[in-house]
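Peer 1:
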Amino acid sequence: EVQLVESGGGLVQPGRSLKLSCVASGFTFSNYGMNWIRQAPGKGLEWVAYISSGSSYIYYAETVKGRFTISRDNAKNTLYLQMTSLRSEDTALYYCARHLTGWFAYWGQGTLVTVSS
Amino acid sequence: DIQMTQSPASLSASLGETVTIECRASEDIYSNLAWYQQKPGNSPQLLIYDANSLADGVPSRFSGSGSGTQYSLKINSLQSEDVASYFCQQYNNYPPLTFGSGTKLEIK
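As structure tokens, then:
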């Protein structure tokens, strides 16, 4: 069974940093691209970042480019999102999702990031 | 960037009814479109990919259609467990991968 389990969310002050993790199981992690997607409270879905299976290709949404860094450790079956210079508008539930030709067949349960003073 | 315009924003229908949700892309996306269902408090779940292919385990009352810039999700014989928000997403040209703004479906 495919499982994606996010962690690392919490309450953080504006301007500070936070690192999210997503541990994958039930499939060969190193064979798949991965994404971070977020959802602000009561709002829609916003794609944040993508990393290819071997980390050769990395893409970001313009809203986070230069502040967020996606990475992965295939030996640990883990996806990361390093978030810096956090803003109130980054407050959201952050999902990791497995990539397949552009759509997302598997999602984690999400980890909540709240940016507030 | 490709913009996805989804309608309606909310929808109320009776049990057993057929409902249709529309999604319009700002340019031709060549059927590179997915639909997701998100029940309250849960993560999104894939319903449809490639505009009309049913994802594993999805009931056959769900169907997708369309081409070019216009796509739709149809739910036949609406059931109580279909209460959810529905989102379309294009993957023809990325980054960025873009979603529609969502449709909230309720039972009348």
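Residue numbers (the numbering used here), protein chains in the order written: chain H, 1 to 117; chain D, 1001 to 1108.
Beta carbons are placed, not taken as given, at the ideal position from N, Cα and C, and that holds for glycine.
(1) Using the DSSP secondary-structure output, state which residues sit across from D/L1015 in a beta bridge.
(2) Applying a beta-carbon distance threshold of less than 7 Å, which residues of chain D neighbour H/G44?
(3) Taking only beta-carbon atoms, is D/L1047 less than 8 Å away from chain H?
(4) List the residues of chain D that H/G54 touches, going by C-beta distances under 9 Å, in chain order.
(5) Are the C-beta atoms of D/N1032 and some chain H residue less than 8 Å apart?
(6) Can you tell me whether D/D1028 is buried or exposed, with buried defined as 16 or more other CB within 10 angstroms of its CB?
(7) Considering only the alpha carbon of each residue, which of H/G42, H/Q13, H/K43 and H/S55 lies closest to H/T69?
(8) Answer yes or no: does any C-beta atom of chain D fall closer than 8 Å to that of H/F29?
(9) Report yes or no: is there a C-beta of chain D within less than 8 Å of the C-beta of H/F104?
(10) Measuring alpha carbon to alpha carbon, tell me which residue in H/W107, H/L93 and H/H99 is nearest H/V115.
(11) If I follow the unbroken beta strand (DSSP E) through D/K1108, where does it start and stop?
(12) Less than 8 Å separating the beta-carbons of H/Y50 and H/N35?
(13) Quick one: does H/Q82 have its CB under 8 Å from some CB of chain D?
(14) Quick one: residues in its chain with C-beta nearer than 6 Å to the C-beta of H/P41, no 5 flanking neighbours on either side, listed in chain order?
(15) Going along chain H, which residues have a C-beta under 9 Å from D/Y1094?
(16) Measure the C-alpha to C-alpha separation of H/E1 and H/Y32 and round it to an integer number of angstroms.
(17) To the nearest angstrom, how far is it from the Cα of H/G44 to the Cα of D/C1088?
(18) Are the C-beta atoms of H/W36 and some chain D residue less than 8 Å apart?
(19) Going by C-alpha to C-alpha distance, which of H/S88, H/Q3 and H/W107 sits closest to H/L11?
(20) Closer than 8 Å by beta-carbon distance: list the chain H residues that pair up with D/S1043, in chain order.
(21) Any beta carbon of chain H sitting closer than 8 Å to that of D/Y1091?
Peer 2: With the structure as the only source:
(1) What you label residue 1015 of chain D is simply residue 15 of the second sequence in a count that begins at 1. Beta-bridge pairing links D/L1015 to no other residue.
(2) If you number the first sequence from 1, residue 44 of chain H lands on position 44. The contacting residues are F1087, F1099, S1101 and G1102.
(3) The residue you call residue 1047 of chain D lines up with position 47 of the second sequence. Taking 8 Å as the threshold, the shortest C-beta distance from D/L1047 to chain H does not fall below it.
(4) On the first sequence, residue 54 of chain H is found 54 positions in, with the first residue counted as 1. What H/G54 touches in chain D, judged by beta-carbon distance under 9 Å, is nothing: the nearest beta carbon there is about 18 Å away.
(5) The residue you call residue 1032 of chain D lines up with position 32 of the second sequence. Judged by the 8 Å Cβ criterion, D/N1032 is in contact with chain H.
(6) Reading the second sequence from its first residue, position 28 is the one you call residue 1028 of chain D. So D/D1028 ends up on the exposed side.
(7) Along the first sequence, one-based indexing puts residue 69 of chain H at 69. When each option's Cα is compared against that of H/T69, the closest is H/S55.
(8) If you number the first sequence from 1, residue 29 of chain H lands on position 29. Judged by the 8 Å Cβ criterion, H/F29 is not in contact with chain D.
(9) Walking along the first sequence from the start, residue 104 of chain H turns up at place 104. For H/F104, the answer is yes, since a Cβ of chain D falls inside 8 Å of its Cβ.
(10) Residue 115 of chain H sits at position 115 when you count from the first residue of the first sequence. Nearest to H/V115 by C-alpha distance, out of H/W107, H/L93 and H/H99, is H/L93.
(11) Looking up residue 1108 of chain D in the second sequence gives position 108. Per DSSP, D/K1108 is not a residue of any beta strand (DSSP E), being assigned neither H nor E.
(12) Position 50 of the first sequence, counted from the first residue, corresponds to residue 50 of chain H. Position 35 of the first sequence, counted from the first residue, corresponds to residue 35 of chain H. Result yes, Cβ atoms of H/Y50 and H/N35 sit closer than 8 Å.
(13) Translated into positions along the first sequence, residue 82 of chain H becomes position 82. Chain D contact via Cβ: absent.
(14) The residue given as residue 41 of chain H occupies position 41 in the first sequence. Within the same chain, no Cβ atom closer than 6 Å to the Cβ of H/P41 is found once the five residues on either side in sequence are excluded.
(15) Position 94 of the second sequence, counted from the first residue, corresponds to residue 1094 of chain D. Here the neighbours are W47, Y50, Y59 and G102.
(16) As a working mapping, residue 1 of chain H is identified with position 1 in the first sequence. As a working mapping, residue 32 of chain H is identified with position 32 in the first sequence. Approximately 15 Å between the Cα atoms of the pair.
(17) Counting from 1 along the first sequence, the entry for residue 44 of chain H is found at position 44. Counting from 1 along the second sequence, the entry for residue 1088 of chain D is found at position 88. Rounded to the nearest angstrom, the two C-alpha atoms are 11 Å apart.
(18) Looking up residue 36 of chain H in the first sequence gives position 36. At a cut-off of 8 Å between beta-carbon atoms, H/W36 makes no contact with chain D.
(19) Numbered from 1 along the first sequence, position 11 holds the residue referred to as residue 11 of chain H. Of the candidates H/S88, H/Q3 and H/W107, the residue whose Cα lies closest to the Cα of H/L11 is H/S88.
(20) Numbered from its first residue, the second sequence carries residue 1043 of chain D at position 43. Within chain H, the residues near D/S1043 are Y95, W107, G108, Q109 and G110.
(21) By one-based count along the second sequence, residue 1091 of chain D stands at place 91. Interface annotation, D/Y1091: in contact with chain H, CB-CB separation under 8 Å.
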